[in-house]
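Trainee:
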Amino acid sequence: MSITLNALLKSPWVFHLSTGSCNNCDIEVLDCLTPRFDIERFGMLLTGSIKHADVLLVTGSCNRKSANRLKVLYDQAPKPCVVIAIGECSLSRGMFIHSYNCPVPLDKIIPVDAYIPGCPPKPEAIIAGAVKLIQKVRGK
Amino acid sequence: MARREEILKDIQTRFREDIVDFFDKSSKRVYIEIKPESIVRVAGYIFKELEARFNIASGVDARTHLEILYHFSLEDINLLISLRVKLDRENPEIDSLAPVFKGANWIEREIHELLGINFRGHPDLRRLLLAKEWPAGVYPLRADYREWDRNAIRDRGV
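Line by line, the protein sequences give chains D and H.
The first sequence maps to residues 5 to 144 in the working numbering.
The second sequence maps to residues -2 to 155 in the working numbering.
#1: At a CB distance below 8 Å, what residues from the segment 103 to 123 of chain D approach chain H? Give them in sequence order.
#2: Would S96 of chain D count as contacting chain H if we go by Cβ distances under 8 Å?
#3: Which chain D residues are close to D146 of chain H, counting only those with a beta carbon under 7 Å from its beta carbon?
#4: Could you check where the alpha helix (DSSP H) with N102 of chain H kicks off and where it finishes?
#5: Between the segment 35 to 42 of chain H and the segment 8 to 23 of chain H, can you find at least three pairs of beta-carbon atoms closer than 8 Å?
#6: Using the beta-carbon of each residue, which ones in chain H are nearer than 8 Å to R68 of chain D?
#7: Can the beta-carbon of H109 of chain H be found closer than 8 Å to that of D85 of chain H?
#8: Let's see if you can read the secondary structure: which residues bound the beta strand (DSSP E) around T63 of chain D?
#9: Can you name the start and end residues of the beta strand (DSSP E) that Y119 of chain D belongs to?
#10: Closer than 6 Å by C-beta to P127 of chain D: which residues in its own chain qualify, once you throw out the five before and the five after it? Chain order, please.
#11: Output yes or no for whether 8 Å exceeds the beta carbon distance between I54 of chain D and L77 of chain D.
#12: Which chain D residues are close to Y142 of chain H, counting only those with a beta carbon under 8 Å from its beta carbon?
#13: According to DSSP, what are the bridge partners of N115 of chain H?
#14: Using a Cβ cut-off of 8 Å, pull out every chain D residue sitting near I150 of chain H, in sequence order please.
#15: Judging by CA-CA distance, which residue of D:R142, D:A129, D:V141 is the nearest neighbour of I43 of chain D?
#16: I'd like to confirm the pairing. Which residues does DSSP put opposite L63 of chain H in its beta bridges?
#17: Excluding five sequence neighbours on each side, which residues of the same chain lie with their C-beta closer than 6 Å to the C-beta of N115 of chain H?
#18: Report the neighbours of I88 of chain D on chain H: residues whose CB is nearer than 7 Å to its CB, in chain order.
#19: Residues of chain D with CB closer than 8 Å to the CB of P137 of chain H, please, in chain order.
#20: Would I131 of chain D count as contacting chain H if we go by Cβ distances under 8 Å?
#21: Under a Cβ-count criterion, where at least 16 other Cβ atoms within 10 Å of its own Cβ denotes burial, should M48 of chain D be classed as buried or exposed?
#22: For R153 of chain H and chain D, any beta-carbon pair shorter than 8 Å?
Printed below as a string of structure tokens:
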């Protein structure tokens, strides 16, 4: 493994994007940062800009307008960038699958590396998903 | 309670020709169906003279017609007045309330794009929510809306 990848996995910086979610998944993502779960002990840090991020967390069902913004954000992310879909909406659009405003799921817009199901997923599930993804990238 | 009856009686006598139906549902809620052409007069009176708060307007496709409910609340007497107008499905048009009060501006833009109701005299009838690539003349909240996007995926892939 290259030294940059090793450094990135030591402390992946996370950018959190809501593409039209009901905010419940976003609340669970923020829960991961609270002292009870404390995702920073894995070196993860929530950043304010996609240009500093190694991981893109996506919640929500990707409506027609936010899909364009999602593509722009993904292009701006420094590569390698892993994408994690959080919640049923970003996996398969959940109950909004027949909505006129949600034509395609997230993984048809940008490549997705990890899926964390749940409505909303528990903070434990989000942490487990993130740790599994790190181990997979490490090649363990 | 006395002021409530006073206000309702006043509306009924003042707009005798404009009111189609008057439905006193409960102590907190009144539905007044009026003719579409008198919306500016009646809503303007309720907003300006009775000093009601304009909460929101809701558009409904009732299949036989389109209707808009304008909800006004009188908080001092705990009363919600809903003005109902029924519009022709073929050519839905009504006078805009945005010149009377600014709060009607965005909700009229939203009803315009989602239900296709034309608001005469609206200062800026652009799209509010729908994406740029959405085709003109397709209204997603109409009951006869059909999928137009051939690239849409409507199964979960499992």
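Beta carbons: idealized from backbone N, C-alpha and C, even for Gly.
Mentor: From the atom records:
#1: Y104, N105, P107, V108, P109, K112
#2: Counting from one through the first sequence, the residue named residue 96 of chain D turns up at place 92. So yes, S96 of chain D belongs to the interface.
#3: Looking up residue 146 of chain H in the second sequence gives position 149. Under the 7 Å cutoff, chain D gives P107.
#4: Here the question's residue 102 of chain H lines up with position 105 in the second sequence. Looking at the DSSP string, the run of the alpha helix (DSSP H) that includes N102 of chain H is 101 to 112.
#5: yes
#6: Locating residue 68 of chain D in the first sequence gives position 64, counting from the first residue. In chain order: L127, A128, E130, W131.
#7: Taking the first residue of the second sequence as 1, we reach residue 109 of chain H at position 112. Taking the first residue of the second sequence as 1, we reach residue 85 of chain H at position 88. No, the pair does not count as a contact, with Cβ atoms beyond the cut-off.
#8: Here residue 63 of chain D corresponds to residue number 59 of the first sequence, with the count starting at 1. Note, T63 of chain D: beta strand (DSSP E), 59 to 63.
#9: By 1-based counting over the first sequence, the position of residue 119 of chain D is 115. Segment 118 to 120, the beta strand (DSSP E) holding Y119 of chain D.
#10: By 1-based counting over the first sequence, the position of residue 127 of chain D is 123. Excluding sequence neighbours, P127 of chain D sits near E32, D35, C36, F41.
#11: Working through the first sequence from its first residue, we reach residue 54 of chain D at position 50. Working through the first sequence from its first residue, we reach residue 77 of chain D at position 73. Result yes, Cβ atoms of I54 of chain D and L77 of chain D sit closer than 8 Å.
#12: Here the question's residue 142 of chain H lines up with position 145 in the second sequence. The contacting residues are Y104.
#13: Within the second sequence, the letter at position 118 stands for residue 115 of chain H. BP columns for N115 of chain H point to H:E90.
#14: Within the second sequence, residue 150 of chain H is the residue found at index 153, counting from 1. Chain D residues near I150 of chain H: P107, V108, P109, K112.
#15: For this step, residue 43 of chain D is matched to residue 39 along the first sequence. With distances taken between Cα atoms, I43 of chain D lies closest to D:A129.
#16: Indexing the second sequence from 1 puts residue 63 of chain H at position 66. Answer is H:D58, H:L84, bridged to L63 of chain H.
#17: By one-based count along the second sequence, residue 115 of chain H stands at place 118. Contacts found: E90.
#18: Indexing the first sequence from 1 puts residue 88 of chain D at position 84. The contacting residues do not exist; I88 of chain D stays about 19 Å from chain H at best.
#19: Residue 137 of chain H sits at position 140 when you count from the first residue of the second sequence. Those within 8 Å of P137 of chain H in chain D are Y104, N105.
#20: Here the question's residue 131 of chain D lines up with position 127 in the first sequence. No, its Cβ sits nowhere closer than 8 Å to a Cβ of chain H.
#21: Start at 1 with the first residue of the first sequence, and residue 48 of chain D comes out as number 44. The residue is buried, with at least 16 neighbouring Cβ atoms inside 10 Å.
#22: Here residue 153 of chain H refers to the residue found at position 156 when the second sequence is read from its first residue. Interface residue, yes.
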